[in-house]
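Its first residue numbered 11, the sequence shown is counted upward by one per residue in the working numbering.
Encoded as structure tokens, the structure appears first; notes follow it.
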Amino acid sequence: MESKQIDDETVLIPKSNSKGKAVVADASSPVVATPKATLPQRGKWKKGLAIFDFVLRLCAAAAAFAAASTMGQTEQTLPFFTQFFQFHAEYNDLPTFTYFVVANAAAGGYLVLSLPFSIVCIVRPHAVGPRLLLVVLDTVMTALTISAAGAATAIVYLAHNGNSITNWLAICLQFTDFCQQASGGVVASFIAAVIFMFLVMNSALALKKTSH
11 MESKQIDDET VLIPKSNSKG KAVVADASSP VVATPKATLP QRGKWKKGLA
61 IFDFVLRLCA AAAAFAAAST MGQTEQTLPF FTQFFQFHAE YNDLPTFTYF
111 VVANAAAGGY LVLSLPFSIV CIVRPHAVGP RLLLVVLDTV MTALTISAAG
161 AATAIVYLAH NGNSITNWLA ICLQFTDFCQ QASGGVVASF IAAVIFMFLV
211 MNSALALKKT SH
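Spelled out as structure tokens, the structure:
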């Protein structure tokens, strides 16, 4: 700073830098850092994940109920029968198919019951408790659905191809409708299992964003 005496009064003139701009330093003014606008963007991102979670749950519930309904209606009676035997096949003749129906029905029921929690995550994108509960239960239901679909796949494979070593016949040569319905139920169950995997990954990603 340079001082000049004018009419017995001292006037302070700021010293200019090399570019001709005055540099005024005020020690009393605090330094304010400009925060990055990441919180609104992060909130929108979490809300988008929550909406995607809700849509996935609807799709998974439809697939699980379709799998249980298709397998539960799997039945066929051959047009020819003898005096003592009637050739009839139904899903509950095999415990594996019964377990398949129960597991997929339970998965579909769980998905319907989980919809309110998914709505809570949409309304409150930063809530951790509902997401943590959903990711734990989704993981359990993923294992249940995959186990049911895998066990039913083994039975459907034997029904289509048989096993010459154990003298198991390929019953799909006669019970074609039965095998087609069972195969459709297994495909629907695997679709539900894949959607469950996406649900787990979606919830894990949302929790990761929440922790930051």
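Glycine included, each C-beta is placed from N, C-alpha and C at the ideal position.
Apart from the five residues on each side of it in sequence, which residues of its chain come closer than 7 Å, Cβ to Cβ, to residue i?
i, result
"A214", "V145"
"C131", "A60, D63, A137, P140, R141"
"F206", "A70, D148, M151, T152, T155"
"L143", "F127"
"V112", "none"
Could you tell me if residue i is buried or exposed, where buried requires 16 or more neighbouring beta carbons within 10 angstroms of its beta carbon?
i, result
"K54", "exposed"
"G58", "exposed"
"N212", "buried"
"N114", "buried"
"K218", "exposed"
"I201", "buried"
To the nearest angstrom, report how far apart residue i and residue j are at their CA atoms.
i, j, result
"A164", "A74", "19 Å"
"S157", "I61", "28 Å"
"A169", "G118", "27 Å"
"F208", "T80", "24 Å"
"V133", "A192", "40 Å"
"A78", "I129", "26 Å"
"L104", "V196", "14 Å"
"W178", "G172", "5 Å"
"I175", "L125", "48 Å"
"S199", "P89", "30 Å"
"L183", "Q190", "11 Å"
"A180", "K56", "51 Å"
"V65", "T106", "30 Å"
Excluding the 5 residues preceding and the 5 following residue i in the sequence, name in chain order all residues of the same chain whose CB lies nearer than 6 Å to its CB.
i, result
"Q86", "A99, F185, D187, F188"
"Y167", "none"
"Y120", "M151"
Are the Cβ atoms of residue i and residue j separated by less than 8 Å?
i, j, result
"F110", "A161", "yes"
"V210", "T155", "no"
"A203", "A159", "yes"
Would you mind working out which of the options sits nearest residue i, comparing C-alpha positions?
i, options, result
"G194", "Q83, T152, I205, N171", "Q83"
"A216", "D148, P135, A71", "P135"
"F127", "L183, N177, R67", "R67"
Note down, in chain order, each residue of its chain lying with its Cβ closer than 8 Å to the Cβ of residue i, except the 5 sequence neighbours on either side.
i, result
"V122", "A71"
"T108", "Y101, N102"
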